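There are 2 protein chains.
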Amino acid sequence: MMYTQLSKYITDRVAIGDDQLNVVLSHFKPLMLKKNEVINIIGHPARRMYFVNKGCLRVYFLKVDGNEVTRRFAFENTFSTSLVSFISGEPLTEFTKAIEATELLYISRDDFYRLLDVIPAWEKFYRNYLEFAYVTNTKRLQSFATQDATERYKLLLKENPHYVLRLSNKLVANYLNISQEALSRLKSKI
Amino acid sequence: MMYTQLSKYITDRVAIGDDQLNVVLSHFKPLMLKKNEVINIIGHPARRMYFVNKGCLRVYFLKVDGNEVTRRFAFENTFSTSLVSFISGEPLTEFTKAIEATELLYISRDDFYRLLDVIPAWEKFYRNYLEFAYVTNTKRLQSFATQDATERYKLLLKENPHYVLRLSNKLVANYLNISQEALSRLKSKI
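Chain order of the listed sequences is R and X.
Mind the numbering: the first sequence is residues 64 to 253 in the numbering used here, read in order.
Mind the numbering: the second sequence is residues 64 to 253 in the numbering used here, read in order.
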């Protein structure tokens, strides 16, 4: 039961035989987080890739002025890690926190990379994942430089309306990098 | 001769047989650019991946206030494309310009993706490329939010000192997203 969502997530994206799928799944282990629990330690490298079965993770970094900027939220049926650190082995520069009680499956970095060499479908799955991550992350970070708050809010409503439905005003405002008051004004205008 | 650098670039990164390497190389065609020539059209999707044999490309986008921000420079022996558009097929949102006379080899997007399916070493090569692109691009874009001008300049000196040696002060300042005057002050301070 616990592996149903992950199994579907993978087979929706690549052609993979049952035997190979089971090898992949066998390397994932469960992890339960309480609300507000943090799962990485700044200064250490990212050593795990997470799949969210239930709940939600918030990934954020600190600006020069000490304010937090949310890079992304990972809701159910998405993978999450600090990919820069996961790839490069460099120390983490961002936090990952459960914003509600969260059920995860995770695979270690070592197992993840070992599977790439022996299961071609896993290499293809990872390539697709990297493409998706590159596109969404670049758009997200570039939006801070190229869009004003109104444009960012409109884009959010278009691409991720469930963020506004499910998250507190405080978190939505933080995601848009504006104050809660500015968000209220935007909501009344649009 | 024209394919020597590209050939070395690939074989330095993945194990690939001569036959398969020649198949890959056969899909690359030469393109010569004059100084200041632009090779993409905003509003159209990116249809080519470029390899720089000689010269340098500058990739930049426009901020809300109309100012240009340099996302990256691609010097000799690097690949370059607008990867978000190349992957997603969405219209381009950034410009690519030759900042000096430049000699390129390019492969069409269709050929590039077709090779992924038939040459496993090419899939692995692309996976490595995506990992590198994800890391460098995320660091670059995140630096705008998390680092001040002094930190960005120090990082540049550490990771890409040839930028400062080879590029005009105007381009270095633009890359750091500061004025030429601010760059002069930084240079005298450090």
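All C-beta atoms, glycine included, are put in the ideal place defined by N, C-alpha and C.
Here the structure is a predicted model, which means the values were calculated and not measured.
Against chain R, with Cβ distances strictly below 8 Å, would residue i count as a contact?
i                            : result
phenylalanine 207 of chain X : yes
threonine 201 of chain X     : yes
arginine 190 of chain X      : yes
aspartate 54 of chain X      : No information on residue 54 of chain X is available, as it lies outside the stretch 64 to 253 that chain X covers here.
glutamine 243 of chain X     : no
leucine 204 of chain X       : yes
tyrosine 216 of chain X      : no
isoleucine 105 of chain X    : no
Per DSSP, residue i is paired with what?
i                            : result
proline 108 of chain R       : R:Pro154
methionine 95 of chain R     : R:Glu166
glutamate 131 of chain X     : X:Leu125
serine 242 of chain X        : In DSSP, serine 242 of chain X forms no bridge with anything.
leucine 120 of chain R       : R:Ala137, R:Ala161
phenylalanine 255 of chain R : Given a span of 64 to 253 for chain R in the structure shown, any question on residue 255 of chain R remains unanswerable.
serine 171 of chain X        : X:Arg111
valine 101 of chain X        : X:Lys160
Step through the CB atoms of chain X and report whether any lies within less than 8 Å of the CB of residue i.
i                         : result
glutamate 222 of chain R  : no
glutamate 194 of chain R  : yes
isoleucine 79 of chain R  : no
valine 198 of chain R     : yes
isoleucine 150 of chain R : yes
glutamine 210 of chain R  : yes
Residue j and residue i - do their beta-carbons sit closer together than 8 Å?
i                         : j                            : result
glutamate 327 of chain R  : glycine 106 of chain R       : The first residue shown for chain R is 64 and the last is 253, placing residue 327 of chain R beyond what the model contains.
serine 171 of chain X     : threonine 159 of chain X     : no
lysine 126 of chain R     : alanine 208 of chain X       : yes
leucine 249 of chain X    : alanine 196 of chain X       : no
leucine 218 of chain R    : asparagine 232 of chain R    : no
valine 132 of chain R     : phenylalanine 138 of chain R : no
valine 86 of chain R      : alanine 184 of chain R       : no
asparagine 103 of chain X : alanine 109 of chain X       : yes
leucine 168 of chain X    : leucine 69 of chain X        : yes
tyrosine 72 of chain R    : asparagine 140 of chain R    : yes
lysine 92 of chain R      : alanine 161 of chain R       : no
leucine 204 of chain R    : glutamine 205 of chain X     : yes
*Just by C-beta distance, which residues in the segment 113-146 of chain X are closer than 9 Å to chain R?*
Phe124, Leu125, Lys126, Val127, Val132, Arg134, Leu146
Which parts of the segment 185-238 of chain R are runs of the alpha helix (DSSP H), unbroken and 4 residues or longer, counting only runs that do not cross its ends? 212-222, 224-229
Output needed in chain order: residues of the segment 168-190 of chain R with a Cβ under 8 Å from some Cβ in chain X.
Leu179, Pro183, Glu186, Lys187, Tyr189, Arg190
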